[in-house]
Amino acid sequence: MKLNGIKTLLATAALAVSGGVAFAADYTLTISSWAPPTHGINAKMWPKFVEMVEEATDGKVTAELKLGIAPPPAQMDLIMDGAADASIIFHGYQPGRFVTTKLIELPGYEGSAEAASVAYWRAYDKYLKAADEHRGVKVIALHTHGPAQLHTSSPVTSLDQISGLKVRIPGGVGGDVGAALGATGIQVPAPKVYETLASKAADGVVMPFESRKGFKLTEVAPNVYEMPGGLYRGSFAFIMNEDTFADLPEDFQKALEENVFGEPLSREIGKIWDEIDAIGREATENTEGNAIHEASAEDMEKFSKIAEDVRAKVIAEVNEAGVDAQAAYDMIKSEMSSN
């Protein structure tokens, strides 16, 4: 039996992901992932995905994780071409391709990554998917990372010190915020941040706390400048090849749509990100020579004005994409406060 040209395998091939008991599956999906092997994406998120898929299909559908098939920006095209069945994409790696996804990245939201991810899916379902920015693939979950903070080799203790620094900043709202703060942006994918900092090609990076552990920032960026609520939140999607899904029997499709895809998976991934953010913070607090510098009240007030300008810019951009940006933004904010 074949699924989208990828030969089905025994579920034992997926044990590295699921850790489950061996059984014979009818369909094995190939997952492409670009994060390091021990990162929470591969150590926790994809195993949760596999667990949910197996549970929903009585073990008849499972998945096998493969690393290093393609770099992060190439993942969407990889899935469209059928070289793998599922992957995770970071929208900021492809400037111009995604606009509506910037709404969830805005600074100023209050709440956990779990709350943000649930709110994101609901706003996508009601407003954002009309822009059809993921055409060619099936979106099966949306999520954010936790609040992004500035991680540097030398201490940064005030917002004004960021101006002129060479900082690795992703695309999307992260790039908008970096420009507003006067930083010289350096765009490299997350797996390259360690060597970028170690080689002194950048003074710092803006990433969530999980990166302290996931990308070993405790070793090359011992200082964290923490802004409550973060400088931005990153936007991710779990995506699937459309033919792969269409080739599954209808009862499996129904089970996955009702029990896994959409809000259920988005919530679980967001919950995991909260967990790995906590692990990253703990690693920072327990590593000699590391320090967390909290933003002052003056800096928070100054940043709130910057955030307001960035929000206005992004809402205008999303409106141009044919989406009621203000309504979507208000929905996200409301959902996050009640989740």
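So the sequence shown is residues -24 to -1, 1 to 315, counted in mature numbering (1 follows the signal peptide of the UniProt record, and there is no 0).
By construction, the Cβ of each residue, glycine as well, lies at the ideal position given by its N, Cα and C atoms.
Given the structure is predicted, the values throughout are model-derived calculations rather than measurements.
6 Å Cβ shell around residue 214 - same chain, five flanking residues per side excluded:
By 1-based counting over the sequence shown, the position of residue 214 is 238. Result list for residue 214: 64, 116, 117, in chain order.
Cβ neighbour criterion (16 or more within 10 Å) applied to residue 310
To locate residue 310, count along the sequence shown from 1; it is residue 334. The residue is exposed, with fewer than 16 neighbouring Cβ atoms inside 10 Å.
Distance between beta carbons of residue 29 and residue 224, contact taken as under 8 Å
Residue numbering aside, residue 224 sits at position 248 when the sequence shown is read from its first letter. Residue numbering aside, residue 29 sits at position 53 when the sequence shown is read from its first letter. No, residue 224 and residue 29 are not in contact; Cβ-Cβ is about 10 Å, not under 8 Å.
Kindly indicate which residue of 13, 251, 82 has the alpha-carbon position closest to the one of residue 41.
Here the question's residue 41 lines up with position 65 in the sequence shown. Measuring from the Cα of residue 41, the nearest candidate turns out to be 13.
Just list the residues that DSSP pairs residue 120 with in beta bridges.
As a first step, residue 120 is located in the sequence shown; it is residue number 144 there, counting from the start. 211, per the DSSP bridge assignment.
Decide if residue 111 is buried, meaning its Cβ has at least 16 other Cβ atoms within 10 Å, or exposed.
For the purposes of this step, residue 111 is taken as residue 135 along the sequence shown, with counting starting at 1. So residue 111 ends up on the exposed side.
Three-state secondary structure assigned by DSSP to residue 39
As a position in the sequence shown, residue 39 is number 63, starting the count at 1. It is a strand residue.
For residue 393, count neighbouring Cβ atoms within 10 angstroms of its own Cβ and tell me buried if that reaches 16, exposed if not.
No answer is possible for residue 393: the residues shown for the chain start at -24 and end at 315.
Just curious, the alpha helix (DSSP H) that residue 68 is in, first and last residue?
In the sequence shown, counting from the first residue as 1, residue 68 sits at position 92. No alpha helix (DSSP H) contains residue 68, which DSSP labels as neither H nor E.
Does DSSP classify residue 45 as helix, strand or coil?
The residue given as residue 45 occupies position 69 in the sequence shown. Note: residue 45 maps to coil in three-state DSSP.
Which listed residue (221, 67, 250, 259) has its alpha carbon closest to that of residue 336
Since the first residue of the chain shown is -24 and the last is 315, residue 336 is not available in this structure.
Work out the CA separation of residue 58 and residue -15 for me, nearest whole Å.
Taking the first residue of the sequence shown as position 1, residue -15 is located at position 10. Taking the first residue of the sequence shown as position 1, residue 58 is located at position 82. Only weak support is given to the placement of residue -15: the predicted model assigns it a pLDDT of 29, under 50, and the value that follows is read from those uncertain coordinates. For residue -15 and residue 58, the distance between alpha carbons rounds to 20 Å.
Helix or strand or just coil, what does DSSP make of residue 202?
Translated into positions along the sequence shown, residue 202 becomes position 226. Strand, per DSSP.
Can you grab the Cα-Cα spacing for the pair residue 203 / residue 271, in whole Å?
Along the sequence shown, read from residue 1 onward, the residue named residue 203 stands at position 227. Along the sequence shown, read from residue 1 onward, the residue named residue 271 stands at position 295. Rounded to whole angstroms, residue 203 to residue 271 spans 5 Å at the Cα level.
Shortest alpha-carbon distance to residue 121 belongs to which of 61, 244, 196?
Here residue 121 is taken as the residue at index 145 of the sequence shown, counted from 1. If we check each option's Cα against that of residue 121, 244 comes out closest.
What do you get for residue -3, buried or exposed, if any count of 16 or more other CB atoms within 10 angstroms of its CB means buried?
Counted from its first residue, the sequence shown places residue -3 at position 22. Because the pLDDT of residue -3 is 46, which lies under 50, any placement of that residue in the model is unreliable, and the number read from its coordinates should be weighed accordingly. With fewer than 16 other Cβ atoms within 10 Å, it is exposed.
Count the C-beta pairs between the stretch 128 to 147 and the stretch 175 to 191 that are closer than 8 Å, then say yes if the count reaches three, no if not.
yes
Identity of the residue in 90, 107, 194 nearest residue 295 by Cα
Reading the sequence shown from its first residue, position 319 is the one you call residue 295. It is 107.
Tell me the rounded alpha-carbon separation between residue 156 and residue 113.
Against the sequence shown, residue 156 aligns to sequence position 180. Against the sequence shown, residue 113 aligns to sequence position 137. Near 33 Å, if we compare the C-alpha coordinates of residue 113 and residue 156.
What are the boundary residues of the alpha helix (DSSP H) that includes residue 93?
The sequence position of residue 93 within the sequence shown is 117, counting from 1. Element bounds for residue 93: 89 to 102.
For residue 94, which of 211, 291, 280, 298 has the nearest alpha-carbon?
Residue 94 sits at position 118 when you count from the first residue of the sequence shown. Taking only the C-alpha atoms, the option nearest residue 94 is 211.
What are the residues that DSSP puts in a beta bridge with residue 5?
Residue mapping note: residue 5 aligns to position 29 of the sequence shown, counting from 1. Answer by DSSP bridge pairing, in chain order: 39.
Starting from the Cα of residue 297, find the closest Cα among 139, 285, 78, 97 and give me that residue.
Stepping through the sequence shown from its first residue, residue 297 is reached at position 321. Of the listed residues, the one whose Cα sits closest to residue 297 is 78.
What does the Cβ neighbour count give for residue 267, buried or exposed, with the cut at 16 atoms within 10 Å?
Along the sequence shown, one-based indexing puts residue 267 at 291. Counting Cβ neighbours within 10 Å, residue 267 comes out exposed, since fewer than 16 surround it.
By DSSP, does residue 125 sit in helix, in strand, or in coil?
Translated into positions along the sequence shown, residue 125 becomes position 149. Of the three classes helix, strand and coil, the one that applies to residue 125 here is strand, per DSSP.
With 16 other CB atoms within 10 Å as the buried threshold, where does residue 8 fall?
Residue numbering aside, residue 8 sits at position 32 when the sequence shown is read from its first letter. Label assigned to residue 8: buried.
Report back the beta-carbon spacing between residue 201 and residue 124 to the nearest angstrom; my notes put them in contact at under 8 Å.
On the sequence shown, residue 201 is found 225 positions in, with the first residue counted as 1. On the sequence shown, residue 124 is found 148 positions in, with the first residue counted as 1. No, residue 201 and residue 124 are not in contact; Cβ-Cβ is about 11 Å, not under 8 Å.
What are the start and end residues of each continuous beta strand (DSSP E) run of 3 or more residues lying completely inside the stretch 246 to 308, in chain order?
267 to 270
Residue 234 versus residue 31 - alpha carbon distance
Here residue 234 refers to the residue found at position 258 of the sequence shown. Here residue 31 refers to the residue found at position 55 of the sequence shown. Roughly 12 Å between the two C-alpha positions.
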